[in-house]
Every structure is written in structure tokens, then in C-alpha cells.
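S.K.:
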Amino acid sequence: MKIQDRDQQVYIGERVFTKYLSRDTIKARILELGRDISLDYQDKFPVFIVVLNGAFMFAADLVRATALECQLEFVKLASYEDIRSTGTVKKILGIPVPLEDRHVIIVEDIIDTGRTMSTMMEELRSMKPASISVATMLLKPECLEVSIDSTYVGFEIPDAFVIGYGLDLDGKARNLADIYQLSNEKA
Ligand code: 5GP
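The sequence shown begins at 5 in the numbering used here and counts up one residue at a time.
#1: Report the partner residues of Ile96 according to the DSSP bridge assignment.
#2: Would you report the Cα separation of Ala3 and Leu43, rounded to the nearest angstrom?
#3: Is Gly3 close to the ligand 5GP? I mean its beta-carbon at under 7 Å from any heavy atom of the ligand.
#4: Using only the alpha-carbon positions, how far apart do Ser89 and Ile152 sit?
#5: Among Glu77, Lys95, Val79, Leu66, which one has its Cα closest to the Cα of Gly158?
#6: Give, in chain order, every unbroken run of the alpha helix (DSSP H) that is at least 4 residues long and sits entirely within the region 114-186.
#7: Assign Glu112 to buried or exposed, taking buried as 16 or more other Cβ atoms, counted over all protein chains shown, within 10 Å of its Cβ.
#8: Skipping 5 residues on each side, what residues in its chain have a beta carbon closer than 6 Å to that of Glu104?
#9: When the Cα atoms are used, what is the spatial distance from Gln185 to Gly170?
#10: Is it buried or exposed, Ile87, if we count other Cβ atoms within 10 angstroms and call 16 or more buried?
#11: What separation, rounded to the nearest whole angstrom, lies between the Cα atoms of Tyr156 and Ser122?
#12: If distances are taken between C-alpha atoms only, which option among Arg106, Glu77, Leu81, Arg119 comes closest to Leu97?
#13: CB-CB under 6 Å to Pro50, same chain, minus the five flanking residues each way: which ones, in chain order?
Structure (C-alpha cells):
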């Protein structure tokens with residue numbers, strides 16, 4: 005189904021999304037985050053670990069907003085059903101560099117229940133980095149089931165599905181420059 009962008013709304017199939025965070029608002033906030041990170045990591049040569057696919061756009065803007073000597077690495081999370089439990093377990097694929105004694109900044113698109121980030125941090129901690137922090141574009145505080153120390157948060161948002169700026173719906177809408185929120189009305 006073609007994505008139609010009419011003024012403040014995007015239609016994907018039967019679903020209607022309304023513009024929630026504009027590209028200018030996002031840009032301004034990322035400049036602030038970039039400044040904070042630059043101050044905190046001066047002379048630390050941090051490694052940004054970007055969680056694909058959703059964080060690709062945020063990461064590209066965030067690292068350009070920092071004035072740091074830094075390294076960028078990209079990982080994917082593979083989900084699989086754990087046969088001993090009912091839950092889905094995620095495993096990190098593709099950490100290419102040794103992280104021992106490194107300052108790690110995980111870059112994520114959105115934290116919802118926090119389970120993904122919690123697993124990610126646990127795995128990374130076992131690699132003995134000097135420090136780990138999290139930079140997430142969006143955080144849904146009402147949905148958190150595990151506590152996550154998210155050091156850099158773009159925006160705290162309510163419990164509603166969002167798309168755009170890297171975030172998808174069934175693979176669509178990642179290319180939208182603004183962030184849209186699912187509205188209840190039908191197209
Ligand atoms: P968590 O483990 O924190 O519950 O889920 C995090 C992942 O769920 C995110 O990385 C993202 O892929 C997906 N997710 C959670 N909320 C949303 C949302 O509102 N929109 C989109 N597109 N993905 C979401």
C-alpha cells in the first residue's frame with residue numbers, strides 16, 4: 005500500500021498517523037544531545053554501537069551533532085523463541101571490535117518495555133567495557149517493565165505506536181523525516 009502524506013497525516017493501509025514530532029523539533033533536540041555527549045566524552049574515544057535498523061537515522065544525525073573523536077559500529081538483534089520459556093530472546097549479531105576498557109554508547113531508536121535494551125546491556129557488560137550509556141531517540145516511560153538507565157533521551161512519549169525517522173511499520177515509513185503517531189480515526 006502506498007504511503008500517502010497529506011499535510012499532517014500519513015496513511016498506511018487502513019491506519020492513520022498524525023504528525024507528532026517535526027523534523028525541526030527533532031533536529032534541535034539532537035543538537036542538545038550531541039553537545040551533552042561531546043562534553044561527557046571529551047578525550048574518551050567512545051564507541052557508538054548503533055542498533056539497526058531503526059536507529060540508523062538518529063545515529064547519523066547524533067554523531068554529526070557531536071564534536072568527538074569516536075568510533076561507530078552497527079549491530080542487529082536477532083529474535084528467537086527460547087524453547088525453555090515462553091518469551092522471545094534477543095541476541096546481538098555483529099559486534100566486531102573488542103570492547104574491553106572502551107566507553108560504549110548504545111544508540112537505540114525507542115525504548116518501550118526496556119527488555120531489548122536490558123538484554124543488550126547485559127551482553128555488552130560481559131565484554132568488560134569501561135562504561136556503558138544509552139542514547140535513545142524516544143522513551144515510553146509508562147511502558148517500562150525493567151529499569152533502564154537511559155543517559156541520553158531525545159523525547160519521552162506516551163504509549164502510542166510511532167513511525168518515521170527510522171521507525172517502521174512492517175518495514176514501511178522509515179524514510180519519513182518527521183515522527184508520526186498512530187491516531188484512532190479510520191482513513
Ligand atoms: P522493548 O524491548 O523496549 O519493548 O522494544 C524496543 C523495540 O520495539 C524497539 O527497538 C522497536 O523496534 C520496537 N518498538 C517499540 N515501540 C515502538 C513504536 O512505537 N514504533 C515502532 N515502529 N517500533 C516500536
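Idealized CB from N, CA, C, for every residue including glycine. Nothing here was measured: the structure is a model prediction, and the numbers come from that model.
M.R.: In short:
#1: Leu81
#2: The shown model of the chain, from 5 to 191, leaves out residue 3, and the question about it has no answer.
#3: Nothing in the structure corresponds to residue 3, since the chain is present only between 5 and 191.
#4: Its pLDDT being 45, under 50, Ser89 is placed unreliably in this model, and the coordinates cannot settle the point.
#5: Leu66
#6: 119-129
#7: buried
#8: Lys132
#9: 13 Å
#10: Low confidence applies to Ile87: its pLDDT is 47, below 50, so where it sits in the model is not reliable, and the reading given next is rough at best. The residue in question, Ile87, is exposed, as its Cβ has fewer than 16 Cβ neighbours within 10 Å.
#11: 16 Å
#12: Nearest C-alpha to Leu97: Leu81.
#13: The residues are Cys74, His107, Ile109.
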